[in-house]
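First up is the structure itself, then whatever we jot down about it.
Numbering (full-length UniProt numbering), first residue to last: 1 to 463.
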């Protein structure tokens, strides 16, 4: 028993020693930490900027005290307190003491302030609107539904990564005619709910040039006053208006050697051309001595393709209307095939609204030439051109593809909407179903090509 007590006492003494050591170390730690904190506050307190702030605060406090004193003095001099007390006593009766009258006045004052605060917080706020001119589609019923509006809502506030651009010039593309007929309407409607994009009316125009008038606070590449060009996807509001608000990802500096009107013919068409060639793995390293047929050589995309491929030393044959032959030759086409202009000759249209040109195929048969690549810039059937392509050749199209989302039923539309919402919730971007090539990276490449003289701007008419 004595042995057990002895060992217990030793254990307790050991625990006491360890507790004293722990307490001592804890005390030293807190002392050291408090000294460091104290030194830090001393340094902050003696800092020059803090002294300036203290001085400003002291001046503000002194100003408030002086104003309060002046108000108090004016009130005492201007108001007869005895008369005021007598008036309140007569009004409320002799049963009310001065203390009760004072509390009542304070209550009225506090209640009035609370009422004013509540009224201010629930007041009806009207969102300020700014208006501008814009060319918009008000219904999906074809070109007849296009209207020039004088009171279109203009953007004026930039998000963190947005850019506000004053539009100087904008171009009209083939896809604008399709948008008039409802191209991308279902996808656009979903995004209207998800990202506050409007469904109707839709502003036309997929590219423009202009001057930056405002920037988001996180935009680093651009500055206010920069001359830029912009390109936009089909689901977005367009550029045929006076002011646009776009993500900085869609904006790049405009070439310095061309004007606003000429430059606006390049962004959208050039982005489509570069994307098409990139998807087919065609570049300056492998295009040399390859034969290309560009159907629609004087379309916006066709003009860019001719110049790019010629700079890469390819053999280019282009088709175009008779009045555009000098343009195609000036751009560098090795051979130009003239097709009938629908304005001057009747063109047959099949049930799929695809134009066929028998004269074109006869001329292609006559030259007896097969091409490594055939690029269709118009709504033509690729099967009609297979006989003019080599065995290992490719037929490419720059024409806007048909969207499955435009012909969805109720159930499939619901599933598609859910899919987009899920991608949004997981932080995904539009790249899986968007024209991801319409970005500042592509625009910067086009800027270099124009400034280096590889690309020339082609403008048919200016309105």
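Glycine included, every Cβ here is placed at the ideal spot set by N, Cα and C. All values reported here derive from a predicted model rather than from experimental measurement.
Nearest to residue i (by Cα), restricted to the options the options
i, options, result
"residue 423", "279, 135 and 194", "194"
"residue 160", "300, 220, 359 and 315", "220"
"residue 210", "223, 227, 201 and 204", "227"
"residue 318", "207, 336 and 330", "336"
"residue 408", "157, 186 and 57", "186"
"residue 169", "239, 446, 177 and 425", "239"
"residue 244", "167, 307 and 283", "167"
"residue 183", "233, 325, 290 and 229", "233"
"residue 320", "300, 403 and 200", "300"
"residue 216", "294, 445 and 246", "246"
"residue 225", "212, 235 and 236", "212"
"residue 175", "447, 459 and 435", "435"
"residue 453", "218, 310 and 112", "310"
"residue 192", "179, 177, 218 and 237", "237"
"residue 261", "323, 406 and 171", "171"
Residue span of the alpha helix (DSSP H) that contains residue i, given as start and end
i, result
"residue 195", "185-195"
"residue 307", "300-311"
"residue 416", "410-425"
"residue 444", "440-451"
"residue 372", "It is not in any alpha helix (DSSP H) - residue 372 instead sits in the beta strand (DSSP E) that spans 371-376."
"residue 264", "Careful: residue 264 lies outside any alpha helix (DSSP H) and carries neither H nor E."
"residue 329", "325-331"
"residue 174", "174-180"
Where the beta strand (DSSP E) through residue i begins and ends
i, result
"residue 157", "Where residue 157 is concerned, there is no enclosing beta strand (DSSP E), given that its DSSP letter is neither H nor E."
"residue 229", "227-231"
"residue 253", "251-253"
"residue 469", "Past the edges of the chain, shown from 1 to 463, lies residue 469, and the structure says nothing about it."
"residue 321", "315-321"
"residue 392", "389-397"
"residue 403", "Taken as a continuous stretch (DSSP letters only), residue 403 belongs to no beta strand (DSSP E), as it is neither H nor E."
"residue 364", "Premise fails: residue 364 lies in the alpha helix (DSSP H), 358-367, not in any beta strand (DSSP E)."
Same chain, Cβ closer than 6 Å to residue i, neighbours up to 5 away in sequence not counted
i, result
"residue 390", "370 and 372"
"residue 134", "149, 152, 203 and 241"
"residue 461", "none"
"residue 130", "154 and 156"
"residue 410", "none"
"residue 327", "298"
"residue 276", "396 and 398"
"residue 291", "315, 371 and 372"
"residue 382", "395"
"residue 138", "145, 147 and 201"
"residue 259", "none"
"residue 173", "206 and 268"
Cβ-based neighbour list, residue i, same chain, cut-off 7 Å, excluding 5 preceding and 5 following
i, result
"residue 256", "451"
"residue 190", "417 and 420"
"residue 231", "206, 207, 250, 267, 268, 271, 438 and 443"
"residue 181", "140 and 142"
"residue 449", "455"
"residue 288", "312, 313 and 314"
"residue 306", "294, 297, 316, 318, 328, 331, 332 and 333"
"residue 392", "none"
"residue 344", "For residue 344, the pLDDT reaches just 45, beneath the cut-off of 50, and the residue's location in the model is therefore unreliable, although a value from the coordinates is still provided. Contacts found: none."
Cβ separation of residue i and residue j, assumed to be a contact under 8 Å, to the nearest whole Å
i, j, result
"residue 271", "residue 442", "5 Å"
"residue 375", "residue 398", "7 Å"
"residue 274", "residue 303", "The Cβ separation is near 13 Å, so there is no contact."
"residue 223", "residue 163", "Not really, about 10 Å apart at Cβ, beyond 8 Å."
"residue 440", "residue 252", "4 Å"
"residue 188", "residue 229", "Actually they are not in contact, since the Cβ atoms of residue 188 and residue 229 sit about 23 Å apart, beyond 8 Å."
"residue 400", "residue 178", "6 Å"
Cutoff 8 Å; reference residue i; Cβ partners in own chain excluding five residues on either side
i, result
"residue 353", "Since pLDDT at residue 353 reaches only 36, below the 50 mark, its modelled position is unreliable, and no value is offered."
"residue 358", "none"
"residue 286", "none"
"residue 280", "373, 394 and 396"
is_contact[residue i, chain C] using C-beta, thresh 9 Å
i, result
"residue 300", "Of the chains in the structure shown, none is chain C; there is only one protein chain."
Bridge partner(s) assigned by DSSP for residue i
i, result
"residue 243", "166"
"residue 149", "134"
"residue 295", "376"
"residue 202", "137"
"residue 338", "320"
"residue 209", "169 and 229"
"residue 215", "163"
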